[in-house]
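Visitor: Residue 258 is where the sequence shown starts when you use this note's numbering, and the numbers rise one by one after that. We put the beta carbon where it would ideally sit given N, CA and C, even for glycine.
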Amino acid sequence: MSFKPIIIVAGEPNSIFLEILFKSIKKIKIKSPIILICSKKLFLLQMKALNANVKFNPITFKDILKKKTQKKIINLLDVNLKVNKAFGQISKKSNIYINDCFKIGLELIKKNISKKLINGPISKKHFLNGKHLGITEYLSKKTNSKKSVMLIYNKLLSVCPITTHLPVRNVSKSINKNDILQSIILINNFYKNTFKLKPKIAVTGLNPHCETTSKINEDDKIIKPTIQKLAKSGIKISGPYPADTIFIKKNRDKFNIIVGMYHDQVLTPMKTLFEYDAINITLGLPFTRISPDHGPNEKMIGKNLSNPLSLIKAISFLDKN
258 MSFKPIIIVA GEPNSIFLEI LFKSIKKIKI KSPIILICSK KLFLLQMKAL
308 NANVKFNPIT FKDILKKKTQ KKIINLLDVN LKVNKAFGQI SKKSNIYIND
358 CFKIGLELIK KNISKKLING PISKKHFLNG KHLGITEYLS KKTNSKKSVM
408 LIYNKLLSVC PITTHLPVRN VSKSINKNDI LQSIILINNF YKNTFKLKPK
458 IAVTGLNPHC ETTSKINEDD KIIKPTIQKL AKSGIKISGP YPADTIFIKK
508 NRDKFNIIVG MYHDQVLTPM KTLFEYDAIN ITLGLPFTRI SPDHGPNEKM
558 IGKNLSNPLS LIKAISFLDK N
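1. Smallest Cα separation from leucine 265: which of His551, Val311, Lys319, Cys358?
2. Can you tell me which residues form a DSSP beta bridge with aspartate 253?
3. Express the C-alpha separation of tyrosine 498 and isoleucine 512 in angstroms, rounding to a whole number.
4. For a test of the three-state rule: what should DSSP assign to glycine 345, helix, strand or coil?
5. Taking the beta strand (DSSP E) that serine 567 falls in, what are its first and last residues?
6. May I ask you to report which of helix, strand or coil DSSP gives asparagine 537?
7. Output yes or no for whether 8 Å exceeds the beta carbon distance between proline 565 and lysine 280.
8. Would a C-beta distance cut-off of 8 Å place threonine 421 and threonine 461 closer than the cut-off?
9. Is DSSP giving valine 516 helix, strand or coil here?
10. Could you have a look at serine 289 and say whether DSSP puts it in helix, strand or coil?
11. Quick check: the stretch 463 to 475 against the stretch 442 to 454, are there 3 or more CB pairs under 8 Å?
12. Specify whether the stretch 303 to 320 and the stretch 368 to 382 touch according to this definition: at least 3 beta carbon pairs, one from each stretch, less than 8 Å apart.
13. As a quick exercise: from Val340, His520, Leu414, pick the residue whose alpha carbon is nearest that of leucine 301.
14. Grab me the residues of histidine 466's own chain with a C-beta within less than 6 Å of its C-beta, minus the 5 sequence neighbours each way, in chain order.
15. Return the chain-ordered ranges of every alpha helix (DSSP H) run that is complete within the stretch 294 to 370 and spans a minimum of 4 residues.
16. Could you spell out where the beta strand (DSSP E) holding aspartate 414 opens and where it closes?
17. For proline 549, which residues does DSSP report across the bridge?
18. Rounded to the nearest angstrom, how far is the Cβ of isoleucine 263 from that of leucine 575, given a contact under 8 Å?
19. Are the CB atoms of valine 336 and valine 416 nearer to each other than 8 Å?
20. Would you identify the three-state DSSP class for isoleucine 264, choosing helix, strand or coil?
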């Protein structure tokens with residue numbers, strides 16, 4: 258049986274990503290070849306600084322097209338980056354490099370080398386620079402995808418925020434029936450196609466206790482009618498539920514997914530419950546994109562203390578699916 262490669266875009270060069278990649282490769286056995294799109298010089302500098310002995314196979318774009326990748330070791334596709342030391346500060350200086358890495362990864366996907374992409378964490382402040390809310394939206398734009406959804410996945414429970422990295426003051430203005438409808442249809446189809454499962458979906462309200470003293474009640478006017486429409490179509494969905502009690506064990510155990518209206522409403526309890534045992538999956542792209550469920554973690558760079566579990570889960574998921 259032939260396994261398609263897993264393409265890994267290393268992302269922000271001044272991050273913990275290569276550290277957790279080195280640790281992950283030593284901990285897991287995978288069947289799929291790995292193509293790492295990264296600066297070879299940075300790779301070697303960080304490997305030396307972190308005292309990691311990781312085997313790799315230098316490879317070219319043409320080699321990949323000819324399917325000359327090797328299994329069990331990293332196939333490293335070098336991307337130019339001016340770097341003199343293993344670790345530095347996150348800044349806009351890396352933007353061209355990061356964009357080039359994504360460009361190569363998306364070109365390999367376009368050429369049907371793989372439909373599996375992992376990217377290392379990116380600084381939204383410096384790389385996205387206000388042009389996109391997150392990498393979910395960045396990749397959606399790059400691939401001309403109509404709708405993309407952030408799913409934070411764990412096999413016991415997953416969550417999805419309808420709005421992503423949006424300032425809280427803008428959330429209520431951004432909640433609409435169409436976004437909720439499209440997001441839940443994408444999630445439902447993903448579970449059916451990937452796991453052969455019709456998932457049980459809970460939806461939170463926007464306001465505390467799904468109530469408000471305001472003239473406009475989004476829970477009654479927007480969220481509830483959308484849930485009813487989706488339920489009539491055959492999707493196993495219910496709500497809206499108050500966000501402060503839906504994550505109590507006896508409540509959350511009834512569902513596969515909890516959909517919330519904004520980022521911290523569902524990601525805060527998710528990370529409290531599972532910590533690094535979750536992955537960020539983008540739905541709605543013409544390929545499966547996953548990232549570890551954490552950022553560049555600038556404060557931990559070079560300390561060799563970062564937890565690789567989320568990346569291990571990301572690689573394992575793509576190796577099996």
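Guide: If we stick to the structure as given:
1. Sequence index remark: in the sequence shown, residue 265 carries index 8 (1-based). Just to set this straight, residue 265 is isoleucine in the shown sequence, not leucine. In terms of CA proximity to isoleucine 265, Cys358 leads the group His551, Val311, Lys319, Cys358.
2. Outside the displayed span of the chain (258 to 578) sits residue 253, for which this structure offers no information.
3. On the sequence shown, position 255 is the one that residue 512 refers to. On the sequence shown, position 241 is the one that residue 498 refers to. Checking the sequence shown, residue 512 turns out to be phenylalanine, not isoleucine. Between phenylalanine 512 and tyrosine 498, the alpha-carbon positions lie close to 12 Å from each other.
4. By one-based count along the sequence shown, residue 345 stands at place 88. Glycine 345 sits in coil when the DSSP states are folded into three classes, being neither helix nor strand.
5. For the purposes of this step, residue 567 is taken as the residue at position 310 of the sequence shown. For serine 567, no beta strand (DSSP E) encloses it; the enclosing alpha helix (DSSP H) starts and ends at 566 to 577.
6. Taking the first residue of the sequence shown as 1, we reach residue 537 at position 280. Strand.
7. The residue labelled residue 565 in the question sits at position 308 within the sequence shown. The residue labelled residue 280 in the question sits at position 23 within the sequence shown. Between proline 565 and lysine 280, the C-beta gap is smaller than 8 Å, which places the two residues in contact.
8. For the purposes of this step, residue 421 is taken as the residue at position 164 of the sequence shown. For the purposes of this step, residue 461 is taken as the residue at position 204 of the sequence shown. No, these two residues do not count as a Cβ contact at 8 Å.
9. Locating residue 516 in the sequence shown gives position 259, where the first residue counts as 1. Valine 516 sits in a strand when the DSSP states are folded into three classes.
10. As a position in the sequence shown, residue 289 is number 32, starting the count at 1. The answer is coil: DSSP assigns serine 289 none of H, G, I, E or B.
11. Inter-segment contact for the stretch 463 to 475 and the stretch 442 to 454 is absent: fewer than three beta-carbon pairs are separated by less than 8 Å.
12. Contact annotation: the stretch 303 to 320 does not touch the stretch 368 to 382, with fewer than three C-beta pairs closer than 8 Å.
13. Counting from one through the sequence shown, the residue named residue 301 turns up at place 44. Of all alpha-carbon atoms in Val340, His520, Leu414, the one lying nearest the alpha-carbon of leucine 301 is that of Val340.
14. Working through the sequence shown from its first residue, we reach residue 466 at position 209. Within the same chain, histidine 466 has close Cβ partners Pro499.
15. If we require 4 residues or more, the alpha helix (DSSP H) runs fully inside the stretch 294 to 370 come out as 297 to 306, 318 to 322, 352 to 367.
16. Position 157 of the sequence shown, counting from 1, holds the residue named residue 414. It should be noted that the sequence gives leucine, not aspartate, for residue 414. Leucine 414: not part of any beta strand (DSSP E); DSSP gives it neither H nor E.
17. For this step, residue 549 is matched to residue 292 along the sequence shown. Answer is Ile536, bridged to proline 549.
18. Walking along the sequence shown from the start, residue 263 turns up at place 6. Walking along the sequence shown from the start, residue 575 turns up at place 318. Sure, about 5 Å apart at Cβ, within 8 Å.
19. Your numbering for residue 336 matches position 79 in the sequence shown. Your numbering for residue 416 matches position 159 in the sequence shown. No. Outside cutoff.
20. Against the sequence shown, residue 264 aligns to sequence position 7. Strand.
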